[in-house]
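Written out below as structure tokens is the structure these notes cover.
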Amino acid sequence: MFAVDDRSDARGDDSKAVDTELQAMVRIVTCAQDVVPEKAPGTVRVLAEVVPRLADHMSPAWSDRFRRHLAEWIHTNRDMIRRRAERSVPTLQAYVSWRRVSGAVGWCFDLTEYAQDAELAERVWSSPACRQLRDTAADIICWTNDLFSLGKELRTGETSNLVVILQHHHHLTLQDAVNEVHRRLSLRITEFPAATVSLQTTALAMNLTVQEQAAVDWYVDGIRAWARGFLEYSQESARYAEAPVPPAPEGPSL
8 MFAVDDRSDA
18 RGDDSKAVDT
28 ELQAMVRIVT
38 CAQDVVPEKA
48 PGTVRVLAEV
58 VPRLADHMSP
68 AWSDRFRRHL
78 AEWIHTNRDM
88 IRRRAERSVP
98 TLQAYVSWRR
108 VSGAVGWCFD
118 LTEYAQDAEL
128 AERVWSSPAC
138 RQLRDTAADI
148 ICWTNDLFSL
158 GKELRTGETS
168 NLVVILQHHH
178 HLTLQDAVNE
188 VHRRLSLRIT
198 EFPAATVSLQ
208 TTALAMNLTV
218 QEQAAVDWYV
228 DGIRAWARGF
238 LEYSQESARY
248 AEAPVPPAPE
258 GPSL
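No gaps in the numbering here: position 158 of the sequence shown is 165 in our numbering, and each next residue is one more.
Here is the structure:
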């Protein structure tokens with residue numbers, strides 16, 4: 008994910024090669040192409056090896072959503088290339104929904120089940136409570152990333168960033184836009200415990216088996232760890248060290 012994103016940034020408007028690579032990635036992920044050319048980009052060859060290996064340990068429904076989430080994420084990379092070339096800024100409402108996909112959390116959350124060797128029952132995964140938990144965690148992860156990657160993205164002219172969008176549409180200074188993202192992020196963090204309780208309460212009412220209930224508990228723990236771990240990674244990684252974001256008052260923590 009980071010390698011493709013960085014190559015897209017580095018190429019600027021010369022994005023044809025990256026777009027071709029992304030299309031090849033989609034064909035592999037969606038099984039539209041079985042044979043991988045010997046000279047295919049490394050990302051394509053890796054996906055062709057890893058995705059089937061993972062899918063072999065998944066039920067058909069789980070495998071289908073994992074592949075779908077991967078394909079949807081790849082398509083958002085193409086959206087970023089187009090926006091950068093057009094210098095277009097999405098609306099806030101459109102961006103929030105889109106960012107939950109572009110942040111790669113959909114397929115990463117699917118792999119939370121894989122890591123725990125515990126698939127969620129379909130009725131649990133598709134419930135409004137589970138969707139709310141995923142959306143809350145996704146916003147926490149993605150808005151954290153928007154803050155930490157702001158300096159890098161301002162240099163490359165990226166418009167797919169919550170700070171940039173708030174600054175543009177609400178005519179804010181950069182610092183005021185950063186403060187507003189911190190405020191929204193702090194609110195989402197305070198909402199996370201309620202979202203976890205809602206899912207666990209919903210699951211208890213479904214009369215699940217002991218194994219299915221355990222999968223819910225592990226899923227909640229896995230998503231919480233994902234969100235917290237991403238924050239710690241962002242704070243420690245040299246990827247964002249060169250361009251720290253303007254400071255804001257500390258808010259609640261996970």
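Ideal Cβ placement from N, Cα and C applies to all residues, glycine included.
Measuring alpha carbon to alpha carbon, tell me which of the options ends up nearest residue i.
i, options, result
"Ser70", "Arg231, Asp13, Thr166, Glu120", "Glu120"
"Gln30", "Thr197, Ala128, Asp86", "Asp86"
"Phe155", "Val25, Arg195, Asp183, Ser241", "Ser241"
"Leu173", "Thr163, Ala184, Gly164", "Ala184"
"Gly236", "Val170, Arg195, Ile148, Arg130", "Ile148"
"Arg52", "Trp114, Val36, Pro67, Asp63", "Val36"
"Asp228", "Val204, Ala248, Val43, Ser133", "Val204"
"Arg94", "Asn168, Gln218, Arg191, Pro48", "Asn168"
Would you mind giving the Cβ-Cβ distance between residue i and residue j, rounded to the nearest angstrom? I have them listed as a contact below 8 Å.
i, j, result
"Ala221", "Leu140", "Contact flag wrong, Cβ pair sits at about 17 Å."
"Trp80", "Val108", "6 Å"
"Leu238", "Val223", "Incorrect: roughly 24 Å between the Cβ atoms, too far for contact."
Check residue i in the structure and name its three-state DSSP category.
i, result
"Ser104", "helix"
"Ser193", "helix"
"Ala47", "coil"
"Ala136", "helix"
"Ala128", "coil"
"Asp20", "Bear in mind that a pLDDT of 49 at Asp20, under 50, signals an unreliable position, so the number given afterwards is only what the model happens to contain. Note: Asp20 maps to coil in three-state DSSP."
"Asp13", "helix"
"Pro97", "coil"
"Asn152", "helix"
"Asp146", "helix"
"Gln40", "coil"
"Ser167", "coil"
"Ser265", "With the chain running from 8 to 261 in the structure shown, residue 265 is simply not present."
"Ala248", "coil"
Specify, as a first and last residue, the run of the alpha helix (DSSP H) that residue i falls within.
i, result
"Arg74", "67-93"
"Met32", "23-36"
"Glu120", "112-123"
"Thr163", "157-163"
Does the ligand NAP have even one heavy atom less than 7 Å from the beta-carbon of residue i?
i, result
"Gln174", "Ligands displayed in this structure: none; no statement on the ligand NAP is therefore possible."
Unbroken stretches of the alpha helix (DSSP H), 4 residues or longer, contained in the region 172-228: As far as the region 172-228 is concerned, its whole alpha helix (DSSP H) runs of at least 4 residues are 181-211.
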